[in-house]
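*Asks:* Protein chains in written order, with this note's numbering: chain F, 561 to 673; chain C, 112 to 225. Cβ atoms here follow ideal geometry from the backbone N, Cα and C, with glycine treated the same way. None of the values given here were measured: they were computed from a predicted structure.
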Amino acid sequence: AQSVTQLDSQVPVFEEAPVELRCNYSSSVSVYLFWYVQYPNQGLQLLLKYLSGSTLVESINGFEAEFNKSQTSFHLRKPSVHISDTAEYFCAVSPRNTGKLIFGQGTTLQVKP
Amino acid sequence: DGGITQSPKYLFRKEGQNVTLSCEQNLNHDAMYWYRQDPGQGLRLIYYSQIVNDFQKGDIAEGYSVSREKKESFPLTVTSAQKNPTAFYLCASSIGSYSNTEAFFGQGTRLTVV
Chain F
561 AQSVTQLDSQ VPVFEEAPVE LRCNYSSSVS VYLFWYVQYP NQGLQLLLKY LSGSTLVESI
621 NGFEAEFNKS QTSFHLRKPS VHISDTAEYF CAVSPRNTGK LIFGQGTTLQ VKP
Chain C
112 DGGITQSPKY LFRKEGQNVT LSCEQNLNHD AMYWYRQDPG QGLRLIYYSQ IVNDFQKGDI
172 AEGYSVSREK KESFPLTVTS AQKNPTAFYL CASSIGSYSN TEAFFGQGTR LTVV
């Protein structure tokens, strides 16, 4: 069985400060890893994904995440956040060749001016 | 525009009634999913379908039913057997459940029992 733990339910941060949203997972099989973002009353949008290759993956809006196999982590980082980054962020894993997506509980990022 | 359309956006149901949530996609995706979202619990998988005329139970299927008669449609029925149906429901699709591509989500339906 697989599980995903997002270690912080809420992360308040000031605008232009760096941020890290933590995600740990457990799985007995290889997995793909994803970060999704959700704005209020909307569906989820893919932020970035790790499938294979380089352990550091980046999104077009400045977020990055690093796959750490030994620590079974996939933390999301951004060096300088904007007010518009305020949203809920979900980490997810997909066991290979199953298509199932298993989500963490979500982390609310609150960017303050 | 290609995408996933969920309707209605808001839905109110009286206790004891069945209600059906619509999900349509024009992405030509084989796989479709239904998730339930509750505050602080993330998304939980209700049902998923890998191909037309086939579907499997997810982690919280009790009190729900689905059908997959057409590739583009995957409606979810919330039955009276679901004891706590008030939640935000999200439909998603992907190219194929054995693919490594991501899932695309609809805008969600918020169901409230009154």
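State yes or no: is the C-beta of T188(C) within less than 7 Å of the C-beta of T131(C)?
*Replies:* Yes, they are a contact pair.
*Asks:* Which word fits T615(F), buried or exposed, when buried means at least 16 other C-beta atoms lie within 10 angstroms of its C-beta?
*Replies:* Under this definition T615(F) is an exposed residue.
*Asks:* Please list, in chain order, the chain C residues whose beta carbon lies closer than 7 Å to that of G666(F).
*Replies:* Per Cβ cutoff of 7 Å: G153.
*Asks:* Could you check whether Q161(C) and A142(C) sit closer than 7 Å to each other, using their CB atoms as the reference points?
*Replies:* In contact: A142(C) and Q161(C) (Cβ atoms closer than 7 Å).
*Asks:* Quick check on Q562(F) - is its C-beta less than 7 Å from some C-beta in chain C?
*Replies:* No, no contact with chain C.
*Asks:* By alpha-carbon positions, which one of L222(C), A198(C), V224(C), P186(C) ends up nearest to I115(C)?
*Replies:* The shortest Cα separation from I115(C) among L222(C), A198(C), V224(C), P186(C) belongs to P186(C).
*Asks:* Could you tell me which residues DSSP puts in a beta bridge with V564(F)?
*Replies:* Y585(F).
*Asks:* Quick check: is the beta carbon of E213(C) nearer than 7 Å to any beta carbon in chain F?
*Replies:* Chain F contact via Cβ: present.
*Asks:* Give the residues from the stretch 584-615 of chain F that approach chain C closer than 9 Å (Cβ to any Cβ), ordered along the chain.
*Replies:* Residues Y592, F594, Y596, Q598, N601, Q602, G603, L604, Q605, L606, K609, L611, S612.
*Asks:* Can you have a look at A214(C) and say buried or exposed, based on whether 16 or more other CB atoms are within 10 angstroms of its CB?
*Replies:* Under this definition A214(C) is a buried residue.
*Asks:* Identify the residues that DSSP records as bridge partners of K609(F): which are they?
*Replies:* Looking at the DSSP assignment, K609(F) forms a beta bridge with F594(F).
*Asks:* When you compare only the Cα positions, how much space is there between V564(F) and I206(C)?
*Replies:* In a straight line, the C-alpha of V564(F) is about 23 Å away from that of I206(C).
*Asks:* Which class does S644(F) belong to by DSSP, given the choice of helix, strand or coil?
*Replies:* Correct three-state label for S644(F): helix.
*Asks:* Distance, Cα to Cα, A561(F) vs P600(F)?
*Replies:* Looking at the two C-alpha atoms, the distance is approximately 30 Å.
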